[in-house]
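What follows is a short report on a single structure.
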């Protein structure tokens, strides 16, 4: 390769070419099998899925149908009035369910896009030609859908749906974001995995779980947010440009995780249900068991889920056992909710995750080479994360009244032994326990005002964050509090044009470990738009944002009560730009985009007294290409990104980039899946190819590329549709590698944490 990660040629090995050909053949072969079975693209509105709607007011049923199916439904409250809707349940398409709800009501519907539908009275539909929604208090029920402006409206957005998660059956965040090369996840251990969006580390994004703020910068050797994928229903990523209502601190975009509830799991017509899942990984001899129960009756709902994972160390592709990689995870979630007949919904949830096992001394890497003599290779870590969330919504909004209130408490705790350098003449470290804990009390209150041409969401949010270290003489604390006001408009002002724009103002109070306090304030703004150059074929998209994020808390395990803050830390700001084109035709999709993120004065505090407010400028820029084909019973996709990350104008490295960014370079992904509905069988696979990366700091070594292939087959017997069996082979060709975002691959004195070698995995799910 040359000196730039833009170089495609040169030293690419024959093995890379061979794996690329295997991946291409995988997709092409499945495409050949499936093409004769279905050549027409099946729109999501016609695909059957599980729908469960009780008899209730029509407006409430339409809102729930939107939530369950992903449709965006617009209707006039005056036209709906007090109409009632019958119970609708079964394995139906969204359009069939909509027809059943509107039967005999005198209302018509018209699809205005692949996932958007307008409901009107017959008279209004005739008067307007079916082209617009009634002006009498239109209500827009939006969903998380990156093909619309429901998020930032950028071509760089990533949406992972419940269907995607069911197909992937992920066991960690790497597998959640598989086939999404814009999103890289470092480390093979869930307790030390960090997420990078276009190279930017997740603490520079607005990250939420069920609307609760997550910003847990505890220890750079641990995960920022430990997430159990078995709890997830959907994930939405705004890469770069994020809307104002995504929350404060969206320097490089946002990530919104959404967990399951009873409505997502209940079988049609049932009020109670349960789910049992079991998985066994033969590489690490890891057993995972999940148990859940859920129900709905007379407006009350409950959902409870527990997941246990226990296993041994895994073996890497080179045949060696990787120490400190055993599984010992306990996670769970409990939700209770009540929804009144008038639509007022109250929900309380509590999520808890605990990872407690011996880990590599530095849990996000293999080991130092040579090691420090006083440090063991393995030490015990305990990582706890919890999140308690109260949410109020109105499921039957009328006119301009569509409120949402969220109040949450989140925390993350890391406990481990500290091994300071021995003081001569002793050669033994005087160890002591270190406990880092980050807490956040946060929330928001907002209302969405429905307009004829779209909607405006306005409200305020707040957080009160505390980061504390309990570690002998280094024990200390930082605090940060913030209040923000925001508004975000999502409009379709003209035919073929969709706009999203908004602004927020934030006021932050920051207190350092010395008790000194500073107050800062700033403004943020964003605008995104898309225009149909050729209707139903070619769309252009672009977006820009400027973000003011205040002063971030430092990492707990770097705290020093003797820090010198000088004139005070500078607030962090950023500028983001994205642009691209998307073409669609009869199931085919082709897209390309460019992006750039500049973060200014990003704080990287270190323990030394004079490094409390050390800061750096970060830039991530590049482009992406993608294409795919959806034939209804399956799909195929190929994606490519080229991401160039610099810190202070020089190549990024993963040490200086702790909590900032990581080197990425060029990554290809290919994925294919097909359902044989007559047999109840689904087959699929994916390929990730990361090219060698040599744009590293002087004196560092090249980051090696890798080529990884994964395949699976899933079976759901027709006679027992409540049972699902799945077999997978991860890392089919036994590649010896570390994921691209894993720490330390460019350093000569670091052995990075290797990924598991070939792994056979069996799982079964029983629903009742």
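Residue numbers (our numbering): 1094 to 1861.
Positions of the beta carbon are idealized from the N, C-alpha and C atoms, including for glycine.
Answer yes or no: the CB of residue i versus the heavy atoms of the ligand GDP, is any distance below 8 Å?
i            : result
residue 1279 : Questions concerning the ligand GDP fall outside what the structure shown contains, since it holds no ligand whatsoever.
Just reading off the beta strand (DSSP E) that residue i is part of, what are its end residues?
i            : result
residue 1690 : 1681-1696
residue 1777 : 1774-1783
residue 1192 : Not the beta strand (DSSP E): residue 1192 falls in the alpha helix (DSSP H), residues 1187-1195.
residue 1154 : First-last for residue 1154: 1151-1162, but that is the alpha helix (DSSP H), not the beta strand (DSSP E).
residue 1809 : It is not in any beta strand (DSSP E) - residue 1809 carries neither H nor E in the DSSP assignment.
residue 1384 : 1379-1390
residue 1724 : Where residue 1724 is concerned, there is no enclosing beta strand (DSSP E), given that its DSSP letter is neither H nor E.
residue 1563 : 1547-1563
residue 1525 : 1525-1544
residue 1375 : Residue 1375 -> no beta strand (DSSP E), and no H or E assigned at all.
residue 1286 : Note, residue 1286: premise wrong, no beta strand (DSSP E); not H, not E.
residue 1603 : 1590-1604
residue 1678 : 1666-1678
residue 1624 : 1610-1627
residue 1766 : 1758-1769
residue 1607 : Here residue 1607 belongs to no beta strand (DSSP E), and DSSP marks it neither H nor E.
Compute the Euclidean distance between the alpha carbons of residue i and residue j, then round it to the nearest angstrom.
i            : j            : result
residue 1266 : residue 1213 : 43 Å
residue 1833 : residue 1289 : 10 Å
residue 1270 : residue 1405 : 25 Å
residue 1455 : residue 1631 : 49 Å
residue 1550 : residue 1497 : 10 Å
residue 1829 : residue 1418 : 16 Å
residue 1876 : residue 1753 : Residue 1876 lies beyond the residue range present for the chain, which begins at 1094 and ends at 1861; the question has no answer from this structure.
residue 1286 : residue 1845 : 13 Å
residue 1835 : residue 1398 : 31 Å
residue 1303 : residue 1154 : 22 Å
residue 1805 : residue 1191 : 34 Å
residue 1773 : residue 1860 : 16 Å
residue 1795 : residue 1626 : 43 Å
residue 1274 : residue 1823 : 18 Å
residue 1682 : residue 1676 : 6 Å
residue 1307 : residue 1812 : 43 Å
residue 1841 : residue 1383 : 41 Å
residue 1831 : residue 1189 : 47 Å
residue 1443 : residue 1429 : 9 Å
residue 1198 : residue 1636 : 41 Å
residue 1747 : residue 1559 : 26 Å
Mapping DSSP to helix, strand and coil, what is residue i?
i            : result
residue 1278 : strand
residue 1650 : helix
residue 1403 : strand
residue 1297 : helix
residue 1847 : coil
residue 1704 : helix
residue 1261 : helix
residue 1571 : strand
residue 1269 : helix
residue 1434 : coil
residue 1730 : strand
residue 1419 : coil
residue 1256 : helix
residue 1440 : strand
residue 1394 : strand
residue 1351 : strand
residue 1645 : coil
residue 1864 : Residue 1864 lies beyond the residue range present for the chain, which begins at 1094 and ends at 1861; the question has no answer from this structure.
residue 1566 : helix
residue 1367 : strand
residue 1838 : coil
Where does the unbroken alpha helix (DSSP H) through residue i begin, and where does it stop?
i            : result
residue 1356 : 1355-1358
residue 1344 : First-last for residue 1344: undefined, no H or E at that position.
Check whether chain B comes within 9 Å of residue i, counting only Cβ atoms and requiring the distance to be less than that.
i            : result
residue 1446 : Included in the structure is just one protein chain, with no chain B present.
Mind the definition here: the region 1637-1655 touches the region 1663-1673 only if three or more C-beta pairs lie below 8 Å; say whether that holds. yes
Taking contact to mean at least 3 C-beta pairs separated by less than 8 Å, is the region 1599-1608 in contact with the region 1356-1372? no
Determine, using beta-carbon pairs with one atom in the region 1843-1861 and one in the region 1375-1392, whether at least three such pairs fall under 8 Å. yes
Secondary structure, beta strand (DSSP E): runs of 3+ residues fully inside the region 1458-1514: 1471-1487, 1496-1511
Within 8 Å, do at least three Cβ pairs link the region 1342-1352 to the region 1696-1709? no
Which ranges does the beta strand (DSSP E) cover as unbroken runs of at least 3 residues, wholly within the region 1299-1340, from first to last along the chain? 1299-1302, 1325-1332
Three Cβ pairs or more, each shorter than 8 Å: is that satisfied between the region 1707-1726 and the region 1252-1263? no
Touching by the beta-carbon criterion (3+ pairs, under 8 Å), the region 1537-1555 and the region 1486-1501: yes
With a cut-off of 8 Å, do at least 3 Cβ pairs link the region 1774-1790 to the region 1744-1762? yes
Three CB pairs or more closer than 8 Å across the region 1615-1623 and the region 1563-1574: no
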